[in-house]
Every structure is written in structure tokens, then in C-alpha cells.
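Residue numbers (the numbering used here): 8 to 298. Backbone N, C-alpha and C fix where the C-beta goes; we use that ideal spot for every residue, glycine too. Since we're looking at a predicted model, the values are computed, not measured.
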């Protein structure tokens with residue numbers, strides 16, 4: 008028997024009006040909510056400052072501002088100093104149990120599909136993340152959560168209880184986790200959600216990379232695995248998936264398999280809790296290709 012998504016905790020989506028009201032109450036700044044940003048599973052909204060400038064409003068339930076400043080926000084500061092196209096954070100405050108962020112609005116729109124030119128740009132951006140956090144042991148390395156639950160994602164129990172197939176997949180993930188370190192080694196910047204929907208572009212030229220909420224230190228090649236999972240959501244231009252698969256095939260097994268296991272857990276667990284049963288099978292099909 009498979010379980011219904013309604014049986015499991017779902018991610019809390021952004022209430023933009025409430026978050027903007029909290030910003031006003033704590034800072035005196037009145038942000039006008041213009042509407043939701045496209046895409047994303049938790050949500051972001053366009054807001055306008057009193058001087059007319061536009062930005063993006065986000066909220067992270069369960070997060071602490073001090074943790075973000077020591078992790079993702081510190082990563083973005085490093086990237087910004089190197090000219091990498093990531094948004095700056097213009098305001099950050101704690102609102103009860105959530106971290107509320109107002110970030111720079113970068114030009115461009117999310118890529119709907121990734122063609123070969125887009126893949127070239129994604130690979131170049133990923134390469135530029137190499138070694139940027141050398142000497143920054145203060146920035147935490149990425150936890151793969153192969154043996155434990157992540158903070159609202161990578162939950163083991165929903166997958167384990169979903170079906171026999173899900174239980175078998177979760178067992179393989181845990182077995183692989185027992186044979187590998189719990190955290191990614193390396194001093195590269197890791198975005199952790201580097202899929203083509205988080206690449207902004209104008210006329211096919213990438214202008215920004217957004218959604219750095221989970222960024223940390225580790226092996227940048229993790230982001231290539233994330234990119235591959237992102238391409239599985241819909242049909243892509245001919246040859247793009249095959250080309251990226253060829254790059255992944257050349258990765259060392261001790262890099263590829265733990266990263267693949269993390270993304271397999273992340274996407275299948277999320278599908279169990281948020282999507283229809285057919286979507287779960289869709290992600291299991293991909294997960295089982297390399298596990």
C-alpha cells in the first residue's frame with residue numbers, strides 16, 4: 008500500500024502579506040507586495056520599497072538569522088566579491104520562528120528549458136565555484152542527510168513507508184550513507200539547488216543564479232547532480248541530458264553516488280509529501296538509475 012501525501016507534513020508556503028507586515032512592524036519599512044514570483048516550492052514574492060525599488064521577499068520557517076549569516080549569506084558575500092551573479096541580501100530579520108529576507112531582484116526570467124548554450128553557461132558557473140571557500144572553515148560543509156533527516160526535506164520515514172519500492176530505495180540510501188562521510192568534503196561553493204529553474208536569463212544569456220538558501224561548503228560537483236535531477240522534470244532539447252549524463256559518468260564513484268543518493272532522497276521524499284503518487288514513481292525511476 009502507498010501512503011497519501013496528506014499523511015505527511017508539508018512545507019509551509021510564504022504568506023507574503025504577513026511577512027511584509029512583520030517587516031513594517033519591526034523596521035518601520037513598508038514594503039508593497041506586488042505578487043508571487045514564478046516557480047519554487049515554498050514561494051517568494053516581488054515587493055516594492057518606498058523609493059520605488061523592487062526586490063524579492065522570502066521567508067524560511069525554522070531558520071535562524073544568525074545561522075543564515077554564518078552560512079548561505081556568507082557564501083553569497085564571497086560570490087558577490089568575485090562578481091558571481093547572485094543576489095545580495097538587503098534586509099534580514101527574525102520573525103518568530105522564521106527568517107525573513109529581502110533580496111536584490113536580478114534581471115532576467117527563469118529558464119524554462121536548458122539548451123546546449125544554457126548548459127555551457129551552467130557548467131562555467133559551476134566551475135567558477137571551485138575553491139572559493141578555502142580557509143573558510145567557519146562556513147559549514149553540506150550535510151548529505153543519508154542517515155538522518157534534513158530540516159524539512161530529505162525525510163526518511165515518508166519514503167520508507169510509502170511502498171515496498173520506496174522502502175528498498177531508502178534502505179539503499181542508508182546503506183550508502185553508512186559507507187561514506189556524512190558531509191561533503193571540499194572548499195568549493197555548493198549552491199545545493201542548482202537546477203535550471205534557478206538560472207535567470209535574458210535572450211538565452213544567464214544573468215543570475217537565485218535561491219541560495221541552502222548554500223554551503225563542499226564539492227561543487229554536487230550541483231551538477233542537482234542540475235541533472237532538475238532536467239528530469241520535463242523533456243529537454245535533444246542531447247542535453249545525454250551530455251550531462253556523460254559528465255556525471257566521469258565523476259569518481261565516491262563523489263557521484265553519495266550526491267545521487269542525497270538527491271534521490273530529497274526528490275522522492277518531497278514527492279511523497281507534496282505530489283500525486285505517479286510523481287513519486289517518476290522520481291524513483293531516476294533515483295534507481297544510479298543506486
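Roughly how many angstroms separate the alpha carbons of residue i and residue j, rounded to a whole number?
i           : j           : result
residue 193 : residue 58  : 42 angstroms
residue 181 : residue 53  : 40 angstroms
residue 11  : residue 235 : Here the model assigns residue 11 a pLDDT of 49, short of 50, so the residue's position is not dependable, and the following value carries that caveat. Residue 11 and residue 235: Cα-Cα distance of roughly 27 angstroms.
residue 290 : residue 281 : 13 angstroms
residue 255 : residue 96  : 33 angstroms
residue 211 : residue 139 : 27 angstroms
residue 342 : residue 200 : Because residue 342 is not part of the residues shown, which for the chain are 8 to 298, the question remains open.
residue 135 : residue 267 : 22 angstroms
residue 42  : residue 110 : 15 angstroms
residue 251 : residue 103 : 42 angstroms
residue 244 : residue 32  : 48 angstroms
residue 28  : residue 22  : 10 angstroms
residue 88  : residue 284 : 44 angstroms
residue 69  : residue 105 : 5 angstroms
residue 3   : residue 90  : Coverage of the chain is limited to positions 8 through 298, which leaves residue 3 absent and any answer about it impossible.
residue 56  : residue 39  : 7 angstroms
residue 148 : residue 184 : 16 angstroms
With a cut-off of 8 angstroms on the beta carbons, I'd call residue i and residue j a contact; round off their distance for me.
i           : j           : result
residue 271 : residue 257 : About 20 angstroms separates the two Cβ atoms, so there is no contact after all.
residue 196 : residue 107 : So it is not a contact: roughly 24 angstroms between Cβ atoms.
residue 265 : residue 112 : No, residue 265 and residue 112 are not in contact; Cβ-Cβ is about 35 angstroms, not under 8 angstroms.
residue 51  : residue 65  : 5 angstroms
residue 190 : residue 150 : 5 angstroms
residue 277 : residue 82  : The Cβ separation is near 23 angstroms, so there is no contact.
Quick check on residue i: buried or exposed, where buried means 16 or more other Cβ atoms within 10 Å of its Cβ?
i           : result
residue 36  : exposed
residue 209 : exposed
residue 224 : buried
residue 273 : buried
residue 8   : Summary for residue 8: the model assigns pLDDT 44, below 50, so the residue's position carries little reliability, and this model does not support an answer.
residue 124 : exposed
residue 129 : buried
residue 120 : exposed
residue 61  : exposed
Assign residue i to one of three DSSP states: helix, strand, or coil.
i           : result
residue 85  : helix
residue 144 : coil
residue 195 : strand
residue 30  : helix
residue 37  : coil
residue 111 : strand
residue 280 : helix
residue 235 : helix
residue 90  : coil
residue 97  : strand
residue 25  : helix
residue 271 : helix
residue 168 : helix
residue 297 : coil
residue 11  : With a pLDDT of 49 at residue 11, under the threshold of 50, the modelled position of this residue cannot be trusted; read the value that follows with caution. Here residue 11 sits in coil by DSSP.
residue 190 : strand
residue 155 : coil
residue 253 : helix
May I ask you to list the residues that DSSP assigns as paired with residue i?
i           : result
residue 205 : According to DSSP, which records beta bridges pairwise, residue 205 is partnered with nothing at all.
residue 160 : Residue 160 is not bridged to any residue.
residue 224 : 148 and 196
residue 117 : 207
residue 54  : 40 and 62
residue 106 : 67 and 101
residue 212 : 209
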